[in-house]
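Read in order, the letters of the sequence shown correspond to residues 6 to 228 in this note's numbering.
Note that CB positions come from ideal geometry on N, CA and C, so glycine has one too.
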Amino acid sequence: MSRELDELLENNRRWAEATRQREPGFFTRLAKQQSPRYMWIGCADSRVPANEITGLDPGEVFVHRNVANVVVHSDLNALSTIQFAVEHLKVEHIIVVGHYGCAGVRAALRGTRVGLADNWLRHVQDVRLRHRRRIDHLPPDEQENILCEMNVIEQVGNVALSTVMQDAWSRGQKVAVHGWVYGLVDGRLKDLDVSMDRSDAVVQVFSAAIKRYPRMSSTDTMF
Ligand SMILES: [Zn+2]
Numbered sequence: 006m007s008r009e010l011d012e013l014l015e016n017n018r019r020w021a022e023a024t025r026q027r028e029p030g031f032f033t034r035l036a037k038q039q040s041p042r043y044m045w046i047g048c049a050d051s052r053v054p055a056n057e058i059t060g061l062d063p064g065e066v067f068v069h070r071n072v073a074n075v076v077v078h079s080d081l082n083a084l085s086t087i088q089f090a091v092e093h094l095k096v097e098h099i100i101v102v103g104h105y106g107c108a109g110v111r112a113a114l115r116g117t118r119v120g121l122a123d124n125w126l127r128h129v130q131d132v133r134l135r136h137r138r139r140i141d142h143l144p145p146d147e148q149e150n151i152l153c154e155m156n157v158i159e160q161v162g163n164v165a166l167s168t169v170m171q172d173a174w175s176r177g178q179k180v181a182v183h184g185w186v187y188g189l190v191d192g193r194l195k196d197l198d199v200s201m202d203r204s205d206a207v208v209q210v211f212s213a214a215i216k217r218y219p220r221m222s223s224t225d226t227m228f
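Quick look at the structure:
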């Protein structure tokens, strides 16, 4: 049998023991119930682990990750996870977190074929097409960074417009949706200032966030 995973199991034994010594009762408390205040919707990229970069312990953040942190209106996996977080765990903040240097966003921008994921990344290409006049005139590196940010803003809108959030807000539940982007090169999170905490704020907050990205002048129009 391969021993390649022995190091991971040994790391786990050490971590569990150190945690038990630092905080007796930690695991028995968590085993009974989780009550995270935060939900994280992020990219599956191995360099963007939710707990580590926010300094949160197990039990403190409920996580959903996929390629390029996309929330699609018909994705039952994402929607079920959001529903569980909002209705059962009563999280107070849902944070959509993109990251600069995202291979999924880059493939969507350049039209690179990567396989089955092309169909998933079509959603990111849709974001680019919708906002092409705010993206296409920029230098290539900047296009990628701006598309990473705009993709987060779009996904924040998608979460906010889901039946789960609309129902929660109509019940008067206190829960907000936010958008951040993470820098692989400096380890810093940036708030994209697109936080929404009630139904009637969604369109205004979304529009204000998008308008921060200057449009190409109409005389330069490519389409
Ligand atoms: Zn990514």
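Span of the beta strand (DSSP E) holding residue i?
| i | result |
| --- | --- |
| F32 | No beta strand (DSSP E) holds F32; the alpha helix (DSSP H) holding it covers F31 to K37. |
| F67 | V66 to N71 |
| V102 | H98 to H104 |
Tell me whether residue i sits in a helix, a strand or coil according to DSSP, three-state version.
| i | result |
| --- | --- |
| G184 | strand |
| H93 | helix |
| D196 | strand |
| G109 | helix |
| F228 | Residue placement at F228 cannot be trusted, given a pLDDT of 43 that sits under 50; what the coordinates show is reported in the next sentence. The answer is coil: DSSP assigns F228 none of H, G, I, E or B. |
| Q209 | helix |
| M201 | strand |
| M44 | strand |
| S51 | coil |
| E57 | helix |
| R176 | coil |
| R138 | helix |
| V119 | coil |
For residue i, which of the options has the nearest alpha-carbon?
| i | options | result |
| --- | --- | --- |
| E97 | G192, E22, A173 and L194 | A173 |
| Q148 | E28, V207, P219 and K95 | P219 |
| D205 | V66, M170, R52 and R137 | M170 |
| G109 | W125, I99, V102 and V101 | W125 |
| K95 | D202, Q160 and Q178 | Q178 |
| D191 | V53, L13 and R135 | V53 |
How far does the alpha helix (DSSP H) with residue i in it reach, from first residue to last?
| i | result |
| --- | --- |
| D146 | P145 to L166 |
| S222 | Per DSSP, S222 belongs to no alpha helix (DSSP H) and is neither H nor E. |
| T86 | L81 to Q88 |
| N124 | A122 to R135 |
| E15 | D11 to R27 |
Under a Cβ-count criterion, where at least 16 other Cβ atoms within 10 Å of its own Cβ denotes burial, should residue i be classed as buried or exposed?
| i | result |
| --- | --- |
| P41 | buried |
| A55 | buried |
| R139 | buried |
| N17 | exposed |
| S167 | buried |
| D50 | buried |
| L121 | exposed |
| G162 | buried |
So residue i and residue j are in contact, right, with Cβ under 8 Å, and what is the actual spacing, rounded?
| i | j | result |
| --- | --- | --- |
| C153 | Y105 | 5 Å |
| A214 | D198 | 7 Å |
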